[in-house]
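> FYI, the numbering used here numbers position 115 of the sequence shown as 215, with every residue one higher than the one before it.
There's a structure below that I have some questions on.
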Amino acid sequence: MNHFLSLTNLAFKDFREIFQLTEEVKKNPQRFNQVLAGKFIGLLFEKPSLRTRVSFEVGITQLGGRAIYLSSQEVQLGKRESIGDVAKTLSKYLQGVILRTFSHQSILEFTKNSQILVINGLTDLLHPVQVLSDFYTIYKRKKDLKAIKISFVGDGNNVCNSLILGSAKLGLNLWVASPLGFEPDKGVIKKALEIAKKTRAKIRILNNPKLAVKSADVLYTDVWTSMGKEEERTWRRQLFKEFRVDKDLLRLAKKNCLVMHCLPAQRGEEIASEVLDSKNSIVFEQAENRLYVQKALLVWLFRR
Ligand code: CP
Ligand code: NVA
Numbered sequence: 101m102n103h104f105l106s107l108t109n110l111a112f113k114d115f116r117e118i119f120q121l122t123e124e125v126k127k128n129p130q131r132f133n134q135v136l137a138g139k140f141i142g143l144l145f146e147k148p149s150l151r152t153r154v155s156f157e158v159g160i161t162q163l164g165g166r167a168i169y170l171s172s173q174e175v176q177l178g179k180r181e182s183i184g185d186v187a188k189t190l191s192k193y194l195q196g197v198i199l200r201t202f203s204h205q206s207i208l209e210f211t212k213n214s215q216i217l218v219i220n221g222l223t224d225l226l227h228p229v230q231v232l233s234d235f236y237t238i239y240k241r242k243k244d245l246k247a248i249k250i251s252f253v254g255d256g257n258n259v260c261n262s263l264i265l266g267s268a269k270l271g272l273n274l275w276v277a278s279p280l281g282f283e284p285d286k287g288v289i290k291k292a293l294e295i296a297k298k299t300r301a302k303i304r305i306l307n308n309p310k311l312a313v314k315s316a317d318v319l320y321t322d323v324w325t326s327m328g329k330e331e332e333r334t335w336r337r338q339l340f341k342e343f344r345v346d347k348d349l350l351r352l353a354k355k356n357c358l359v360m361h362c363l364p365a366q367r368g369e370e371i372a373s374e375v376l377d378s379k380n381s382i383v384f385e386q387a388e389n390r391l392y393v394q395k396a397l398l399v400w401l402f403r404r
């Protein structure tokens with residue numbers, strides 16, 4: 101089974117194939133409108149979602165399939181019954197499932213017991229569908245991905261971890277700056293550095309946002325308080341202050357630097373409205389591309 105749990109599941113040529121398919125899906129959607137005919141795909145989400153849920157539901161429907169949303173209240177993964185039993189049961193009804201869980205361990209446990217395709221729709225550790233789509237967005241804008249400097253400033257969270265793994269796979273130049281103690285996951289960094297030996301990616305993990313942003317072609321940020329950590333928000337706001345993406349920080353990047361954010365954004369926290377709404381910002385283009393790239397991913401995964 102070709103599950104999609106992490107960008108490390110993809111080879112370099114897979115990224116290329118998925119991006120080519122994305123172009124085709126965008127140009128000629130009619131050609132793909134029966135690809136998922138007769139297929140039922142569950143969306144089992146423990147956390148809220150706007151983009152991931154809607155883009156997948158629309159995408160699945162446009163591909164001729166049927167999406168079934170299952171809220172955490174309904175299923176109560178691991179509470180009403182074990183994760184393994186949920187996976188085994190859903191495998192009898194559905195052909196695929198998109199999972200959004202708190203713990204990454206939950207998606208691994210689910211996948212171990214699943215006879216149907218599993219796609220990671222975000223865990224506390226990774227957000228691969230987001231970042232896959234973001235690489236497509238960057239590629240469309242900048243073309244030569246290896247020639248640019250990408251910077252991520254803020255919490256070393258799920259989005260950041262996936263950016264690191266994807267950059268390692270694609271051989272890119274990524275600079276990450278997070279406050280001390282909020283660096284990306286150690287296991288992720290170790291894995292990325294191993295991959296980078298082969299791909300010649302340059303991955304730098306720093307605590308200095310100004311250094312990370314200097315002459316950047318792409319500046320990415322994400323919320324300081326991810327879902328599930330809401331009670332930490334007050335002190336995180338203090339601790340992360342120097343990592344806010346505002347006009348002053350953006351000035352250190354290249355003039356035509358693209359500003360990216362997976363959204364939802366907390367305006368005035370990790371990103372100032374003046375930057376989020378500026379002409380450098382491509383955040384809604386990112387949101388739009390989720391639909392095309394995820395459709396391409398579904399076509400690609402179900403073809404194999
Ligand atoms: N970027 C993203 O995944 O957004 P949602 O949490 O709204 O799905
Ligand atoms: N890091 C954020 C991403 C939301 C799409 C979170 O996990 O809440």
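Backbone N, C-alpha and C fix where the C-beta goes; we use that ideal spot for every residue, glycine too.
Return the residue from the list T223, N273, N258, V259 that minimises the CA-CA distance to D405.
Because the chain is modelled from 101 through 404, residue 405 falls outside the range shown and cannot be assessed.
> Starting from I238, trace the alpha helix (DSSP H) both ways and give me its first and last residue.
Its alpha helix (DSSP H) spans residues 228 to 242.
> Under 7 Å: does the beta carbon of S251 sit that close to some heavy atom of ligand 1?
No - ligand 1 has no heavy atom lying nearer than 7 Å to the Cβ of S251.
> Just how far apart, CA to CA, sit Q230 and E331?
Taking the straight line joining both Cα atoms gives about 25 Å.
> What beta strand (DSSP E) runs, 3 residues minimum, are completely inside the region 202 to 228?
Within the region 202 to 228, the complete beta strand (DSSP E) runs of at least 3 residues are 217 to 220.
> Using only the alpha-carbon positions, how far apart do D285 and R336 sit?
Each residue's Cα considered, the two are about 18 Å apart.
> CB of V323 to nearest heavy atom of ligand 2: below 7 Å?
V323: yes, Cβ under 7 Å from ligand 2.
> Would you say T189 and H204 are within 8 Å of each other, going by their C-beta atoms?
No; because the gap between Cβ atoms is not below 8 Å, this pair is not in contact.
> How many Å lie between K291 and R131 at the Cα?
Straight-line Cα distance between these residues: approximately 38 Å.
> Given the structure, does V345 come close to ligand 2, in the sense that its CB is under 7 Å from one of the ligand's heavy atoms?
Result no, Cβ not under 7 Å from ligand 2.
> DSSP state of T321, grouped into three classes?
Here T321 sits in strand by DSSP.
> With a CB to CB cut of under 7 Å and the five nearest residues on each side skipped, what residues in its chain are close to N354?
Reading the sequence as shown, one finds Lys at residue 354 and not Asn. Closer than 7 Å at Cβ, skipping near neighbours: S315, A316, D317.
> Contact between the region 177 to 193 and the region 208 to 218 is defined here as three or more beta-carbon pairs at a separation below 8 Å; is this criterion met?
Enough Cβ pairs lie closer than 8 Å, so yes.
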